[in-house]
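> Sharing a structure below in C-alpha cells format, with a few things to ask.
Residue numbers (my numbering): 166 to 276.
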C-alpha cells in the first residue's frame, strides 16, 4: 500500500476477537481515484504471487474498498470515510502494528 502512497496504514491483529479474519490491514487514500489505484495495485501484486481474493467490494465507488483474502482483510478508505466509520475504534481491543510511511522501513509497534 505504501508504494501507492496510502496514508495512515495500520495492521490490526483481530484473531483473538473474531472468527472472520486474523488480520485487518487498513489504509487510506486522499481521493477516490487513489483508493481505487491502491486497490488495483494490491490486487495485481498479490495475483502475481498466486493469491486471489475471495471477494472485492466497493471498488467501483472508491469510498471504501474491501479486499477479502480469508485470514487477511484489507480495507482501503477515502480518508473522510475512514474517519466516519473509525474501524480502529470499533476494534479498539485489537493489537495494533503501525506501518512507517516510507517504503522499505520496518514495521513498528506503537509505544
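Heads up, the beta-carbon is just placed ideally off N, CA and C, and yes, glycines get one too. These numbers were taken from a predicted model, which means no experiment stands behind them.
Do residue 225 and residue 199 have their C-beta atoms within less than 8 Å of each other?
In this structure, residue 199 does not lie closer than 8 Å to residue 225 by Cβ.
> Going by alpha carbons, who is nearest to residue 229 out of 261, 181, 201?
Among 261, 181, 201, the Cα nearest to that of residue 229 belongs to 201.
> Compare the Cα-Cα distances from residue 212 to each of 248, 234, 181, 256 and report the closest residue.
Closest option to residue 212, Cα to Cα, is 234.
> Using 8 Å as the threshold, is the C-beta distance between residue 238 and residue 192 below it?
Cβ distance not < 8 Å, so residue 238 and residue 192 don't count as in contact.
> Quick check on this structure: which residue in 209, 222, 172, 260 has the alpha carbon closest to the alpha carbon of residue 194?
Answer by Cα proximity: 172.
> Which of the three DSSP states, helix, strand or coil, is assigned to residue 257?
It is coil, neither helix nor strand.
> According to DSSP, what are the bridge partners of residue 174?
DSSP lists no partner for residue 174.
> Who pairs with residue 232 in a beta bridge, going by DSSP?
Per DSSP, 221, 239.
> According to DSSP, what are the bridge partners of residue 189?
Residue 189 is bridged to 177, 238.
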